[in-house]
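Visitor: Handing you a structure now.
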Amino acid sequence: MSLSGLYAQIQQSEWVDIPEGWLQGRTIYGGLVAAMLMQKAIAVVADNNKGLLSASVTFVGPVQLGRARLSAEVLRAGKSVTTLEVRLWQDDAVQTILLASFGTQRDSAIQVNQERAAPDYPAAGELQIAQHHPLAPECFKQMQMVWAEGKYPCSASAQPDFGGWFRFEPKLHDNRDMTAADLMAAFDMWPPGVLPMYKTIAPASSLTWNVTMVHPLRSKLQDWFKYKVFTDYAGHGYSTEYAHLWDAEGRLIAISRQVVTVFA
């Protein structure tokens, strides 16, 4: 099932069949889960004039391949901003929660342009697309990823963090206008910033994920994006990091902050 087919199912029914090809170990890749919740939120808001402002995802428990139920509650629908909560259920238990705010652009006398500039990487076509390692999660096949700085995961690096280019795999995803749900599916594909420090393959998973939108999306699904992650702190089995996402024109699209559980 394509992402478009999955989104159509979410539009039409409370129940959804999670498609194959998105496993991250024995569970479903968190970015796809977040995308499903975001698509449900978009369907409930049902207002093209209200774009995504911010979203917070809590990964309560592992989501398995199979059927899931999505429920949504509008917490407040104001003139400018609508805030709602969406939950994913499996086996009568909540596994993931999304809290999202959508809003219209408003006139304001306040204008600040201090967003972080996009890194000056070589063009994606000049670098090597990372090959899918046999032991890497299945979901990585959904994307093309190009490291432009930093080390690969599990390379025993003395330092964390990396950056590069990425996009949806053109062989698997038809080109169309990108949505906020697509952004969630793509943005979380990069591994945690501490993974280059791993000496052997071991798990790491997002616990909480906050995304703030900056400039509106105006990209196609197969367009390249730039990504860079920075780890603030890691210890006692957890790390906290933030990341920036730019489009191919160097516009800052979104900022992410995550708390990650570390099993190494």
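If you count by my numbering, then the sequence shown holds residues 238 to 501, one letter each, in order.
For glycine and all other residues, C-beta sits at the position ideal for the given N, C-alpha and C.
Predicted, not measured: the structure shown is a model, and the values here were computed from it.
1) Ignore the nearest five residues each way along the sequence and tell me which others in Thr320's own chain have a CB closer than 6 Å to its CB.
2) Ignore the nearest five residues each way along the sequence and tell me which others in Leu364's own chain have a CB closer than 8 Å to its CB.
3) State the CB to CB distance for the pair Val499 and Leu444, rounded to an integer number of angstroms; the pair is presumed to be in contact (CB under 8 Å).
4) Return the chain-ordered ranges of every alpha helix (DSSP H) run that is complete within the stretch 245-310 and spans a minimum of 4 residues.
5) Can you tell me which of Pro428, Leu290, Met380 and Ala485 puts its alpha carbon nearest to the alpha carbon of Lys408?
6) With contact counted as at least three CB pairs below 8 Å, one residue from each stretch, are the stretch 384-398 and the stretch 452-460 in contact?
7) What's the C-alpha gap between Gly262 and Glu375?
8) Determine the closest residue to Lys316 out of Tyr479, Lys287 and Phe467, with distance taken between C-alpha atoms.
9) Roughly how many angstroms lie between the CA atoms of Pro371 and Gly258, to the nearest whole one?
10) Using three-state DSSP, classify Lys378 as helix, strand or coil.
11) Whole angstroms are fine: how far does the CA of Asp469 sit from the CA of Ser241?
12) Quick check: what's the CA-CA separation for Ala395 versus Phe467?
13) In angstroms, rounded to a whole number, what distance separates the CA positions of Arg413 and His473?
14) Our contact map puts Leu274 next to Leu302 with C-beta atoms below 8 Å; I'd like the distance itself, whole angstroms only.
15) Whose CA, out of Ala423, Ala417 and Val431, lies closest to the CA of Phe399?
16) For His410, which residues from the same chain have a beta carbon less than 8 Å from its beta carbon, with the 5 sequence-adjacent residues on both sides left out?
17) Run through DSSP, which three-state label would Ala229 get?
18) Between Ala385 and chain D, is there a C-beta pair that is closer than 8 Å?
Guide: Let's see:
1) One-based indexing of the sequence shown puts residue 320 at position 83. Counting only Cβ-Cβ distances below 6 Å, and skipping sequence neighbours, we find Leu312, Arg313 and Ser338.
2) Here residue 364 corresponds to residue number 127 of the sequence shown, with the count starting at 1. Counting only Cβ-Cβ distances below 8 Å, and skipping sequence neighbours, we find Tyr358, Val383, Trp384, Ala385, Gly401 and Trp402.
3) Walking along the sequence shown from the start, residue 499 turns up at place 262. Walking along the sequence shown from the start, residue 444 turns up at place 207. Going by Cβ atoms, the distance from Val499 to Leu444 rounds to 10 Å, so no, they are not a contact pair.
4) 267-282
5) Position 171 of the sequence shown holds residue 408. Among Pro428, Leu290, Met380 and Ala485, the Cα nearest to that of Lys408 belongs to Met380.
6) no
7) Taking the first residue of the sequence shown as 1, we reach residue 262 at position 25. Taking the first residue of the sequence shown as 1, we reach residue 375 at position 138. When rounded, the distance between both Cα atoms is 7 Å.
8) Taking the sequence shown and counting its residues from 1, the one referred to as residue 316 is at position 79. Among Tyr479, Lys287 and Phe467, the Cα nearest to that of Lys316 belongs to Lys287.
9) The residue given as residue 371 occupies position 134 in the sequence shown. The residue given as residue 258 occupies position 21 in the sequence shown. When rounded, the distance between both Cα atoms is 14 Å.
10) For this step, residue 378 is matched to residue 141 along the sequence shown. Here Lys378 sits in helix by DSSP.
11) The residue given as residue 241 occupies position 4 in the sequence shown. The residue given as residue 469 occupies position 232 in the sequence shown. Approximately 36 Å between the Cα atoms of the pair.
12) Taking the first residue of the sequence shown as 1, we reach residue 395 at position 158. Taking the first residue of the sequence shown as 1, we reach residue 467 at position 230. Cα-Cα distance, rounded: 14 Å.
13) Here residue 413 corresponds to residue number 176 of the sequence shown, with the count starting at 1. Here residue 473 corresponds to residue number 236 of the sequence shown, with the count starting at 1. If you take the alpha carbons of Arg413 and His473, they lie about 43 Å apart.
14) Locating residue 274 in the sequence shown gives position 37, counting from the first residue. Locating residue 302 in the sequence shown gives position 65, counting from the first residue. Not confirmed; about 17 Å, so no contact.
15) Sequence index remark: in the sequence shown, residue 399 carries index 162 (1-based). Cα-wise, what sits closest to Phe399 is Val431.
16) In the sequence shown, counting from the first residue as 1, residue 410 sits at position 173. These residues qualify, in order along the chain: Ser239, Leu240, Gln379, Leu458 and Gln459.
17) The chain is shown only over 238 to 501; residue 229 falls outside these bounds and no answer can be derived.
18) Any reference to chain D falls outside this structure, which holds one protein chain only.
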